[in-house]
Amino acid sequence: MRHLERNTTHRRRVIDRFPDIRAAGKALPTEDRSQGFLQEVTPRPVTPPVIKKFLNTTRPEPGKIRVFYGKADDPDVASALIHGLRTKGSTPGGLVINPKPKTLYQQKWQQLQEAVYFSSKNAPLERSHDQSAGLPKGLDTERTTFGVKSVQFINAGEIVNPTKTVEQVEKEAEEGHQLYIKSHNAYFVGERVDRKYNWSRIGKDHRFGVPTPNYSDGRKAAGSLQWLAGLIDGKLVSKQCDDFRERTQPQIGKVHDPIADTMNVPENHTFGILFRTDGFGVGDLLNSPLTADYTSDPDKWWSLVTAVRQDLKKANFNKFSALLQTFSRYDKSGQGFIDKKDLHNVCLQFNLDLNTPVLESLVEFCEDSKDGQINFMEFTNVLNWKKEIPAELVEQIRAKAAATGDTEVSLEALGEPRKLEHPKPVDVASGPKATRILPQPKTAVHHAVTSSPLIQGVVGGPSTANVRTYGIPTVRTDLTAPQIKRIGDWTNYGDQSTAYGLLYPTRSSLKGVYEEHYLASRTREEIAQIFRSADVTIHDELFEEAWKLASMRHPKGEVCVESFRNALKEIQAY
């Protein structure tokens, strides 16, 4: 028996309470089919002229002029009516600029016609204008001159520079000056304005200040042209004043920095943060490199170390001190190096489930001299996802291994490792205790994946698991999307749709239901109401079993529509 059954019992029942009244609407014969509605009716019915004149007012045909239905029956006079006057064509510009040559007969005939004009008599062509006809008779035109003879009074030079002394000029200027002050408020340059004050103690002609010495013999210009560096000794200035002037006044060719002395940095220091480029460019996007070539050499090692640390962290492996002590047992020379074979044996002894290619890459990273010897201290620091191992603990483990001389150590005898203290900062060039520590990245880097394939956003879509990936992945998986996202927040939290989802949207997205609605946690009543609204009949026992299975898969026991649907599908499959 199927557990999912379509609910067919809740059908709508219609009761006609007024059987005597005819139902509204248009009754169609039962023999009609959809084929008759889809076929075009030919010939098309013609609209009567009485109705067409009203349609031409509201919905005229394309290319037709809208005509008011009141004027539809009037005669069409406007189409044949022409406004204005019909003008004749003027003389073309070519005939005006380059007229046709006239014959001798035409020229003589034109001169005879123009001889009656007054202008032709007084000023004929090719002759000067004779004005003697308007002059009085008997006037001698050769000697008679018209106009008034101007008398020469004074020239411009005397006006600009009159032949007067300075005293005469000042005396003439003082005459009537008081009247000009009263009428035009015109004062001389430097003259004090008379504001009717009481100047009984000081005369009105008194001038305040010290007069500026002025010499007309050019002694000041001569002094500026002579170089006095060797004749006059330099002026001594205190160092404090000179430093203050150098700090506060801008200098040519230097940046004005008043607080340069207070900054304990060299002169060529540049402030700011230097961003390290990731090494990718336009060429990587155009050439479409393989997946293995996405990261360069340094980034490739960091990705490998991050993946190994993440796997050890998930497995809750924390016996790094015991692992280092076991490595020291295989160190015969006490130099901190072991061979690859012993390293593989120790990893198998501690059940470090690492793939052979991954282990070989880590060994290659820690093998500095390329002679088959690996620094096990550095290898342990690479695997340690908690913190770096202090150099003091390394010396204690080495000393204990040299005293016992054992080569095999059991995990039960080592016991739980003690809590490691925070290491002190070690100088790289201080001696044999200096170790190279790999910093731990903030987040684990995984392959790019979006959340839309997790809920089967595209039903029946092609699988992209084995398809080559182009470009650089930009979807982030290390950030948790907030519950309420701000309008100005453009951060990609990995919950955005892909290009395939935009081109081929799902059926639910077309109805306004997106993936966050499927993945949101809901109560038992909401889940039951959603499935009942979808006409899905679920028995109480089946609902409880599916709810229990879906809640067990979440750490907090929360259930969403997608997890409940998957649990229900698994129960139905069994």
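Each position in the sequence shown, counted from 1, maps to that position plus 16 in the working numbering.
Cβ coordinates follow ideal geometry from the N, Cα and C atoms, glycine included.
If you're wondering where the values come from, they're calculated on a predicted model, not measured in any experiment.
Annotation for residue 333: no residue places its beta carbon closer than 7 Å to its own, counting only its chain and skipping 5 residues before and after.
Residue 546 sits in a helix when the DSSP states are folded into three classes.
Bounds of any beta strand (DSSP E) do not take in residue 218, whose DSSP letter is neither H nor E. Residue state for residue 396 is assigned as helix, using DSSP reduced to three classes.
For secondary structure counted as the alpha helix (DSSP H) over 4 or more consecutive residues, the stretch 92–165 holds these complete runs in sequence order: 109–113, 120–130 and 134–138. Selection 56, 89 and 59 evaluated against residue 68 yields 89 as nearest (Cα-Cα). Secondary structure at residue 235: helix, using DSSP grouped into helix, strand and coil. If you ignore the 5 residues before and after residue 34, its C-beta comes within less than 6 Å of no other C-beta in its own chain.
Per the coordinates, the alpha-carbon of residue 568 lies some 23 Å from the alpha-carbon of residue 552. Secondary structure note for residue 300: its alpha helix (DSSP H) is the uninterrupted segment 298–303. Counting C-beta pairs closer than 8 Å gives fewer than three between the stretch 547–563 and the stretch 497–515, which falls short of the contact rule. Inclusion of residue 543 and residue 561 in the CB contact set at 8 Å is not warranted, their separation being larger than that value.
Secondary structure note for residue 389: its beta strand (DSSP E) is the uninterrupted segment 389–391. At least 8 Å separates the beta-carbon of residue 328 from that of residue 396. Contact check for residue 575 and residue 537: beta-carbon distance about 7 Å, within the 8 Å limit, so the pair qualifies.
For residue 264, the secondary structure class from DSSP, reduced to helix, strand or coil, is helix.
Per DSSP, residue 355 lies in no alpha helix (DSSP H) segment; the continuous beta strand (DSSP E) that holds it begins and ends at 353–355. Taking all protein chains in view, the Cβ of residue 43 is surrounded by fewer than 16 other Cβ atoms within 10 Å, so the residue is classified as exposed. With the rule of 3 Cβ pairs closer than 8 Å, the stretch 230–243 does not count as touching the stretch 213–221. With a threshold of 16 other beta carbon atoms within 10 Å, residue 260 falls short and is exposed. Approximately 7 Å separates the beta-carbon atoms of residue 324 and residue 399; this is inside 8 Å, confirming the contact. With contacts defined as CB atoms closer than 8 Å, residue 353 and residue 391 qualify as a contacting pair. For residue 538, the three-state secondary structure derived from DSSP is strand.
Distance from the CA atom of residue 519 to the CA atom of residue 65, rounded to whole angstroms, is 51 Å.
Taking C-beta atoms as the reference points, residue 577 and residue 516 fail to come closer than 8 Å. According to DSSP, residue pairing for residue 576 in a beta bridge involves 537.
The alpha-carbon of residue 272 is positioned some 8 Å away from that of residue 263. By the neighbour-count criterion, in which 16 or more other beta carbons inside 10 Å mark a residue as buried, residue 75 falls on the exposed side.
Burial state of residue 401 is buried, judged by a 10 Å Cβ sphere holding 16 or more other Cβ atoms. Taken atom to atom, the span from the alpha-carbon of residue 495 to that of residue 509 is near 6 Å. Counting along the chain, the unbroken alpha helix (DSSP H) around residue 563 starts and ends at 556–568. Within the same chain, and ignoring the five residues on either side of residue 373 in sequence, no residue has its Cβ closer than 8 Å to its Cβ. Secondary structure of residue 324 (DSSP, three-state): helix.
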